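For what it's worth, our numbering labels the leading residue of the sequence shown as 45, then goes sequentially. Idealized CB from N, CA, C, for every residue including glycine. Fair warning: this is a prediction, and the values are worked out from it, not measured in the lab.
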Amino acid sequence: MDADPRPHRRAADGRGAVGCGGRRRRPAGTGLPGEGGVTRRIAGLAELADGLAGVLVDQFGVLHDGHSAAPGAAACLAHLRARGIRIVALTNSGRRAAENAERLARFGFPPRLFDAVISSGELARARIAAMLAEGALPPGAAVAVIARGGDPGTLAGLPLRALPPGPGAALVLIAGAEPESVSLDAYARALAPLARAGVPALCANPDRWMQTRRGVAFGPGQIAGRYAALGGPVEMLGKPGAEMFRAGLAALGDPPPARCLMIGDSPEHDIAGAAAVGLRTLLVTSGPQSGTAAAVPPDHVIARLVW
45 MDADPRPHRR
55 AADGRGAVGC
65 GGRRRRPAGT
75 GLPGEGGVTR
85 RIAGLAELAD
95 GLAGVLVDQF
105 GVLHDGHSAA
115 PGAAACLAHL
125 RARGIRIVAL
135 TNSGRRAAEN
145 AERLARFGFP
155 PRLFDAVISS
165 GELARARIAA
175 MLAEGALPPG
185 AAVAVIARGG
195 DPGTLAGLPL
205 RALPPGPGAA
215 LVLIAGAEPE
225 SVSLDAYARA
235 LAPLARAGVP
245 ALCANPDRWM
255 QTRRGVAFGP
265 GQIAGRYAAL
275 GGPVEMLGKP
285 GAEMFRAGLA
295 ALGDPPPARC
305 LMIGDSPEHD
315 IAGAAAVGLR
325 TLLVTSGPQS
335 GTAAAVPPDH
345 VIARLVW
């Protein structure tokens with residue numbers, strides 16, 4: 045994980061068929077999505093709206109950057125709603141769904157725009173609750189939490205203790221990162237004793253890169269990668285895992301995946317994960333993760349989410 049190159053923004057100009065890494069490809073057949081691995085550049089989502097039953101949309105890098113809303117994104121979602129197209133926000137956030145919905149509302153995306161907000165943090169909460177019910181975690185157990193500002197609410201109401209990494213932890217929860225103040229090596233040093241002891245870890249945000257005020261920096265997924273490299277067992281929750289996309293499709297009403305579109309800025313998490321379950325895909329090239337290596341080309345690319 046840690047050896048991946050720092051992402052760069054792909055050029056957003058030009059039209060027509062492009063390769064997943066931004067290289068132009070000769071159109072094959074009719075140039076429709078999926079034919080010959082061709083990716084089509086579009087100017088606005090209106091070009092894809094006909095026939096869509098539902099849309100899954102990433103949060104960071106597509107709707108906002110953590111500081112301000114993406115211009116035109118809220119209006120684009122409103123156009124989809126006006127056509128009766130269902131929308132679910134699908135986010136690799138270590139925080140719970142309700143908090144993400146509140147954050148989206150602060151950025152100008154009110155609840156009426158979404159049928160549901162699903163976060164990887166919510167999946168982590170369900171997984172931890174199941175571990176308690178199954179006896180894999182005893183009541184009162186200590187959970188070593190890595191997140192921005194401490195426990196992101198994942199453990200609220202559960203009979204568990206959230207603590208910094210240290211001896212005696214029965215579980216590690218990697219829900220966020222603070223790269224502005226803590227280095228990746230420092231996280232690895234703090235977690236090394238737990239990893240070597242075989243303490244299980246849940247990564248509630250698999251993103252390997254995140255946008256900060258200082259630019260793009262490492263994300264929680266890289267901390268999880270270091271933990272695994274040190275010998276610790278890690279369970280990743282969220283995109284690109286199929287469970288996350290299945291939850292999104294269920295919230296859309298279980299339409300055929302081929303009639304649904306995943307919009308995201310991460311080739312690895314949004315595009316590859318969605319394609320694996322049969323969803324159509326749209327890569328937003330202005331997002332901080334859009335330039336990372338892609339094993340699966342998107343069906344379409346767009347400079348930013350506009351109608």
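For residue i, the three-state DSSP class (helix, strand or coil)
{"i": "Arg-69", "result": "Confidence is the limiting factor: at Arg-69 the pLDDT is only 35, short of 50, which leaves the residue's position unreliable and the question unanswerable from this model."}
{"i": "Gly-80", "result": "Low local confidence applies: a pLDDT of 48 at Gly-80 is under 50, so the model's placement there is unreliable, with the coordinate-based value given in what follows. Here Gly-80 sits in coil by DSSP."}
{"i": "Ile-346", "result": "strand"}
{"i": "Glu-224", "result": "coil"}
{"i": "His-313", "result": "helix"}
{"i": "Gly-165", "result": "helix"}
{"i": "Ile-129", "result": "coil"}
{"i": "Trp-351", "result": "coil"}
Pair within 8 Å by beta-carbon distance, residue i and residue j
{"i": "Arg-324", "j": "Leu-305", "result": "yes"}
{"i": "Ile-218", "j": "Ala-268", "result": "yes"}
{"i": "Leu-246", "j": "Ala-168", "result": "yes"}
{"i": "Ala-286", "j": "Val-321", "result": "yes"}
{"i": "Gly-152", "j": "Asp-309", "result": "no"}
{"i": "Val-216", "j": "Ala-188", "result": "yes"}
{"i": "Asp-251", "j": "Asn-136", "result": "yes"}
{"i": "Gly-292", "j": "Val-161", "result": "no"}
{"i": "Gly-138", "j": "Ala-232", "result": "no"}
Of the listed residues the options, nearest to residue i (C-alpha basis)
{"i": "Met-288", "options": "Arg-171, Leu-228, Leu-204", "result": "Arg-171"}
{"i": "Asn-355", "options": "Ala-174, Leu-202, Leu-107", "result": "The structure shown has nothing for residue 355, since the chain only spans 45 to 351."}
{"i": "Ala-234", "options": "Ala-113, Ile-190, Ala-174", "result": "Ile-190"}
{"i": "Ala-122", "options": "Pro-264, His-111, Leu-89, Glu-146", "result": "Leu-89"}
{"i": "Pro-284", "options": "Met-254, Asp-102, Glu-312, Gly-265", "result": "Glu-312"}
{"i": "Leu-202", "options": "Asp-314, Ala-174, Ser-227, Gly-194", "result": "Ala-174"}
{"i": "Glu-222", "options": "Val-340, Ala-200, Gly-259, Pro-244", "result": "Gly-259"}
{"i": "Glu-224", "options": "Leu-157, Leu-96, Arg-85, Ala-261", "result": "Ala-261"}
Residue i - containing alpha helix (DSSP H), residue span
{"i": "Leu-148", "result": "141-150"}
{"i": "Arg-125", "result": "117-126"}
{"i": "Ala-272", "result": "264-273"}
Where the beta strand (DSSP E) through residue i begins and ends
{"i": "Ala-286", "result": "From DSSP, Ala-286 is part of no beta strand (DSSP E) but of the alpha helix (DSSP H) over 286-295."}
{"i": "Gly-98", "result": "98-101"}
{"i": "Gly-308", "result": "304-308"}
Cβ-Cβ separation, residue j to residue i (assumed contact under 8 Å), whole Å
{"i": "Ala-349", "j": "Gly-116", "result": "According to the sequence as given, residue 349 is Leu; it is not Ala. Correct: roughly 7 Å between the Cβ atoms."}
{"i": "Leu-228", "j": "Gln-266", "result": "6 Å"}
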